[in-house]
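Trainee:
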Amino acid sequence: MQMAGKALWSGRFEQGMDEGTLHFTSSLDVDSRMAFYDIMGSLAHVRMLKSCKIIPGEDADAITDGLRKLAQELKDGKLEMDYTLEDVHTNIEFKLTSMIGPAGGKLHTGRSRNDQVATDFKMYLRDAGLNCVDAIDRLIASLQDVAKSNRETILPGFTHMQHAQPVTLAQHMLAHAFRLGRDADRFMDALERMNKCPLGSAALAGTTYRIDRKLTSDLLGFRDPTENSMDTVGSRDFVTELAFDASMAAISLSSICEELVLWSSQEFGFVTMDDRYSTGSSIMPQKKNPDICELTRGKTGSIIGSLVTMLVTTKSLPLSYNRDLQEDKRPVMDALQTLTDCANIMAKVVSTMKINDATMMEATKKGFINATDLADYLVTKGIPFREAHGIVGEAVRFCESKGIYLDDLTLEQFKSYSPLIEEDVFSTISVKSCVERRDSYGGTSPASADVQLAISLQELFDRETAVRQKDMLYQKCWELLLTQ
Ligand code: ARG
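First residue of the sequence shown? That's 133 in our numbering, and the numbers climb one at a time after it.
1. Considering His221, what are the terminal residues of the alpha helix (DSSP H) in which it resides?
2. Helix, strand or coil for His295? Go by DSSP, reduced to three states.
3. Is the separation between the beta-carbon of Asp460 and that of Arg325 shorter than 7 Å?
4. Can you tell me where the alpha helix (DSSP H) holding Asp252 begins and where it ends?
5. Nearest-angstrom Cα distance between Ile187 and Asn246?
6. How would you label Gly198, buried or exposed, when you count the other beta carbons within 10 angstroms and need 16 or more for buried?
7. Under 6 Å Cβ to Cβ from Phe319, same chain only, skipping five residues before and after it: list those, please.
8. If we count the other Cβ atoms within 10 Å of its Cβ and call it buried at 16 or more, is Ser244 buried or exposed?
9. Can you tell me which residues form a DSSP beta bridge with Thr300?
10. What does a CB cutoff of less than 6 Å around Ser159 pick up in its chain, not counting 5 residues either side in sequence?
11. Can you tell me the Cα-Cα spacing of Glu554 and Glu544, whole angstroms?
12. Ignore the nearest five residues each way along the sequence and tell me which others in Met133's own chain have a CB closer than 8 Å to its CB.
13. Within 10 angstroms of the Cβ of Arg144, are there 16 or more other Cβ atoms? Answer buried if so, exposed if not.
14. Output the boundary residues of the alpha helix (DSSP H) element that contains Tyr573.
15. Let me know the secondary structure DSSP gives Lys420 once reduced to three states.
16. Helix or strand or just coil, what does DSSP make of Pro628?
17. For the ligand ARG, is there any heavy atom lying closer than 6 Å to the beta carbon of Val249?
18. Among residues of its own chain, excluding the 5 on either side of Asp208, which ones have a beta-carbon nearer than 8 Å to its beta-carbon?
19. Using 7 Å as the threshold, is the C-beta distance between Leu154 and Thr216 below it?
20. Identify, in the order they occur along the chain, each residue of the same chain with its Cβ nearer than 7 Å to the Cβ of Ala136, setting aside the five sequence neighbours on each side.
21. In chain order, what residues of the same chain have a beta carbon less than 7 Å from the beta carbon of Phe402, not counting five sequence neighbours either side?
22. Between which two residues does the alpha helix (DSSP H) carrying Gln469 extend?
23. Grab the span of the alpha helix (DSSP H) containing Asp214 for me, first residue to last.
24. Are Ile343 and Gly332 touching if we call contact CB-CB under 7 Å?
25. Excluding sequence positions up to five away, which residues of its chain have a Cβ less than 8 Å from the Cβ of Phe593?
26. With a 10 Å radius around its C-beta and 16 neighbouring C-beta atoms as the bar for buried, classify Leu443 as buried or exposed.
27. Can you give me the start and stop residues for the alpha helix (DSSP H) that His240 sits inside?
28. Using 7 Å as the threshold, is the C-beta distance between Ala381 and Asp315 below it?
29. What are the boundary residues of the alpha helix (DSSP H) that includes Leu175?
30. Compare the beta carbon distance of Leu206 and Ala167 with 7 Å and say whether it is the shorter of the two.
31. In angstroms, rounded to a whole number, what distance separates the CA positions of Ile383 and Glu596?
32. Flag this pair as touching only if the region 289–308 and the region 559–578 have three or more C-beta atom pairs under 8 Å; answer yes or no.
33. Decide if the region 514–522 is in contact with the region 574–594; the criterion is three or more beta carbon pairs, one per stretch, under 8 Å apart.
34. Does the contact criterion of 3 or more C-beta pairs under 8 Å hold for the region 226–239 versus the region 177–196?
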């Protein structure tokens, strides 16, 4: 049986690992995505070791130089890693030591891969999380644009997928925008909750060296160090939470997609997808399919899968670090990337689709969509709502039997249901009036939707500012670690 080379921890072993064990335990194919953060974490750590005089200054300087060279190699795509070295952390330490000699071995003083991996993953995820927020915000902006140019476009509003009451397209688009806004905020909340630095927790119990955890936390752009070293290396709730946030956002996306699939069908015809964001059929020449919406709807499955994976993988794990925790990366890294891709492309689908406003308006004729308004009209004439409801129900039944709409009734026919009905009934129950008169706070009238749009724009602006501030902080940290 073939035996592989010696691992960094090989001291107490007589033999190297079996080749199959190496393959099975290596996480390099996934955690190499964290290489940049691993180098940054090490740069912060060595800076702290030097400042606390835990290792000699000249060794720290050599380590810093070496790590910066590795960062450059990584940027140039020249940093090659070897799966037999297990993971990204050991690879980088090994590279460093090969480059600068035994001084490289001092880097791992007062830390462990357990706090290292938690730190790297947090840094990776906060960037990936911000990318999700960015992409969601792009989609929100597209929805806001459609709302802005469609304050008076009217379409049927649905409950139970049945025509319910007429609504403005502005309000409909903003309904999605507000929901997505909460999804984005949820990411921001989670990023704030996980904004504590694991580095210096070491294997599980902290360290005997006089380290300065506040310094490494600051250098890496965290708010504070984590409070408890066992909790730090043994918990992955921040990962699970982001998987949930991604799942929730994906569910919101899937609702939009489902609607657009329906709306672009021959039955609805409410929207026409832009050619650039549609696909054809290999056999049916006439087809123009909304595949982007369908794929986004479908990808919700794997994103929710990442949440289930995290929940099940971490359930019943005893404190503190267990190797099970190596399985936390791929699903959530992939989920966040998938969500980002979906939201980015849906932003384009929404901003390029053609709104068929005449078809939307035409559809409002069906389904007695103004029945509530006729009942409300009777209420203004002094009839109790419950009674009005019954009267209109009868009128609807009559119209249905004749194949006509409420608007088609003559004043005489209206009066047969209630003598209180006057000529003004026709203007009152017109679809346009139904919409305009629903001007309660949060309602569907153009004026109410204007208020919603203003709020939504402000929320978007505030969030974009918060994202930019975080981005700037991280860039500053990297610049400092790489140059000063
Ligand atoms: N590759 C490991 C992970 O992703 C790093 C931590 C390894 N720690 C250990 N005690 N084997 O979790």
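In this text, a Cβ means the ideal position worked out from N, Cα and C, and glycines have one as well.
Mentor: This is what the structure holds:
1. Start and end: Val220 to Ile232.
2. strand
3. The answer is no: Cβ separation not under 7 Å.
4. Arg245 to Lys280
5. 21 Å
6. buried
7. Gly261, Cys264, Val265 and Asp377
8. buried
9. Ile286
10. Asp219 and Gln458
11. 9 Å
12. Because the pLDDT of Met133 is 33, which lies under 50, any placement of that residue in the model is unreliable, and the question is left without a value.
13. Arg144 comes out exposed.
14. Taken as a continuous stretch (DSSP letters only), Tyr573 belongs to no alpha helix (DSSP H), as it is neither H nor E.
15. coil
16. Nothing can be reported for residue 628: it is not among the residues displayed for the chain, which extend from 133 to 616.
17. yes
18. none
19. Going by C-beta atoms, Leu154 is nearer than 7 Å to Thr216.
20. Since pLDDT at Ala136 reaches only 43, below the 50 mark, its modelled position is unreliable, and no value is offered.
21. Leu287, Trp395, Asn488, Thr491 and Met492
22. Where Gln469 is concerned, the enclosing alpha helix (DSSP H) stretches over Lys461 to Thr484.
23. Note, Asp214: premise wrong, no alpha helix (DSSP H); not H, not E.
24. yes
25. none
26. exposed
27. Run containing His240: none; DSSP gives neither H nor E here.
28. yes
29. Counted as a single uninterrupted DSSP element, the alpha helix (DSSP H) harbouring Leu175 occupies residues Ala167 to Ser183.
30. yes
31. 22 Å
32. yes
33. no
34. Yes, they touch.
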